[in-house]
Amino acid sequence: MDDLQWELDEEVPVRLDPGIWKCHPETVRLRLSVRAYRITTGGIPIVLLSGGLLDLYPNSLYPPAELEGRDTEFFKPLAFQIAAARYLADREPSGTVIHLHEPRYHYVLPAALAGRGLTVVSTVQTNHPVNMKVYAPEVRGVLEHLGADPSVTDGLGDPPLDSALHRAMRAYLPRTGLYADPATESAADYVSTLAVVLRPVAAMDFLSDGQMQHLLTQGGTPFEQLFAELAVARELSRYRERLVVCGCAIGDEWLTAERTDDRRRRTLGGLGLDPGLPTIYHAGRYTLQHKGLKEVFRAVARLLDDGVRCNVLLHCLTAGPIDDPELNDLASRHPDLVRVRTEARTTADLMDWALASDLSVFPSKFELDTFLMAMGEAMASGAIPVATAQRGMAHFQHAFDVESPEAAGLAVRRSFRVDDPLLTQEVYEGLHFLLNLIETDPEQAAALRARAVTVARRFTWEAVARRFLTLFAACLRGEAPAAALGTSFPGSGAAVPSGEQRGTAVRTVDRVSVRWDDTSAAQVDVVFPGSPPEIVALDR
């Protein structure tokens, strides 16, 4: 490791939200004592900033969320942004492209680097709620300290949103995973993180077309109507020429993986399973609601309890042991069919599992997945997917009608509910249908499998790299990124229907009389504003 002989030693004033940091002064001074080091691997130099706050939490990198309002160690990510801004301004020459990932963690950097001859590109990797916010006085104060323009936060306040309808939507929406409301008396002083990043960057990149489409419209979600009134919706529309999709990809080793009967027998036999049975596969982080794992566990349990004979391979990655009653019950009731792993596994191990599987299941919820690499890896291995029709995953071409000539798997409806029984039912029916298809129509199943492999193996890192090089060159020339990459934007679409078109709800002394004429609706909720809101799910 090389010491780059660069040091930072300063105190930075940071404004705190008094509604959250109740036992702290309005301004604290973060002490930064940082040095820069370089390691080189595979010919690529990597600069590491180290010292003080930046050396905390080496296992998780990020401090635990519960430190907010309690301990200034919570500001490690902000400290890194400040140190990175100082380092880049000192060491990088004019004309350098700075590529940042995840706006939630670099909301100060683009504005801090503006006007220094550096070109900044931001990639949105995770679908955090699009209106996720940051405390504007904090941002302005840090930018002033860095000698940057603090006006990046100007005019980003949202309207009051205080009508009866607004209050009902704001009470209900946080449970959908789509919307975040600052839980503080200082809420009016918060501004959109995404908008603060978008204003000063040369380009904002997304991992898939569907991810960008979702972000721009929130179409078909419970948030669509309220989103149109927010500052972030206005800013995304205002700066559309900066929005691009450079994409994401699947590791090269998955693109040439060979699916053979011998490999299947070795893998399943080594697990004590019957290689003659069809096999279902899932791999991902153990995040119960995000990944739809409760729905997976319940659907699979129902399938096996009904007497369907199939192997089930579940890799639910977590740092420690899982004490999940439903998962434990599934594994203990069907020990001859179910295998669960929770530890980190090698690519070769996961590839063995995926190549030995006939189906994969990915019922992710809340539009939180933006590319879903694990689903692509499973498809590239020949595991036909049953997966939610999230916009961020649409590039994998799973369809509600598997007889469609483009279908590479089976889609089930999107979900924005915790513990969603309707999604559980659809996953159960989807797995049951495809297991039956494998047995009764192996030719159609083989055609689905072939399309899954073909679709997934299109997503190469070489293609992504080419798009990024095109983007960086366009930004350096001062061209509009969206035009240079041929970004296709969603149409404005129909206006949000009026209340009369959506339906009516009239409260009388002892009842609420509801009329809803949309026969395609799977479920309708009546929401009464409150904290928490009262929610009544209507029968069809």
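The numbering used here applies: residue 20 is where the sequence shown begins, and numbers increase by one.
The beta carbon of each residue, even a glycine, is placed where N, CA and C say it ideally should be.
Keep in mind the model is a prediction, meaning the values are calculated, not measured.
- Between H301 and L387, the C-beta gap is not smaller than 7 angstroms, which leaves the two residues out of contact.
- Burial check for H120: the Cβ neighbour count within 10 Å stays below 16, so the residue is exposed.
- For the pair A187 and V546, the CB atoms are nearer than the 7 angstroms cut-off.
- Distance between E425 and V483, taken at the CA atoms: about 23 angstroms.
- Boundaries of the beta strand (DSSP E) around P32: D21 to R34.
- The alpha-carbon separation between P169 and A214 amounts to approximately 14 angstroms.
- Residue nearest to R34 within the set P44, P179 and E85 is P44 (criterion: CA-CA distance).
- Assignment of beta-bridge partners to K152 by DSSP yields S211.
- About 7 angstroms separates the Cβ atoms of P340 and T361, confirming a contact at the 8 angstroms cut-off.
- CA-CA distance, E111 to P548, rounds to 52 angstroms.
- In this model, A540 and T523 are separated by some 15 angstroms (Cα to Cα).
- Ranked by Cα distance from A133, the first of P37, G62, T275 and L217 is L217.
- Per the C-alpha coordinates, the member of K152, V158, V171 and L184 positioned closest to D177 is K152.
- Residue burial annotation: Q463 is exposed, with fewer than 16 other C-beta atoms found within 10 angstroms of its C-beta.
- E92 has its alpha-carbon roughly 26 angstroms from the corresponding atom of Q24.
- A Cβ-Cβ separation of about 13 angstroms leaves F385 out of contact with G239 under the 8 angstroms criterion.
- Here A393 has A302 and G303 as same chain residues with Cβ atoms under 6 angstroms from its own Cβ, once five neighbours each way along the sequence are excluded.
- The continuous beta strand (DSSP E) containing I58 extends over residues T46 to T60.
- The straight-line gap separating the alpha-carbon atoms of Q409 and S52 is approximately 44 angstroms.
- The DSSP assignment places 298-304 and 330-336 as complete runs of the beta strand (DSSP E) inside the stretch 279-352, in order along the chain (cut-off: 3 residues).
- Residue range D228 to T236 is occupied by the alpha helix (DSSP H) that includes H233.
- Contact between P201 and Y209 holds, with the beta-carbon distance rounding to 5 angstroms and staying under 8 angstroms.
- A contact is defined here as three or more CB-CB pairs under 8 angstroms, and the stretch 359-379 meets this definition with respect to the stretch 395-410.
- One Cα belongs to V158, the other to G71, and the distance between them is close to 21 angstroms.
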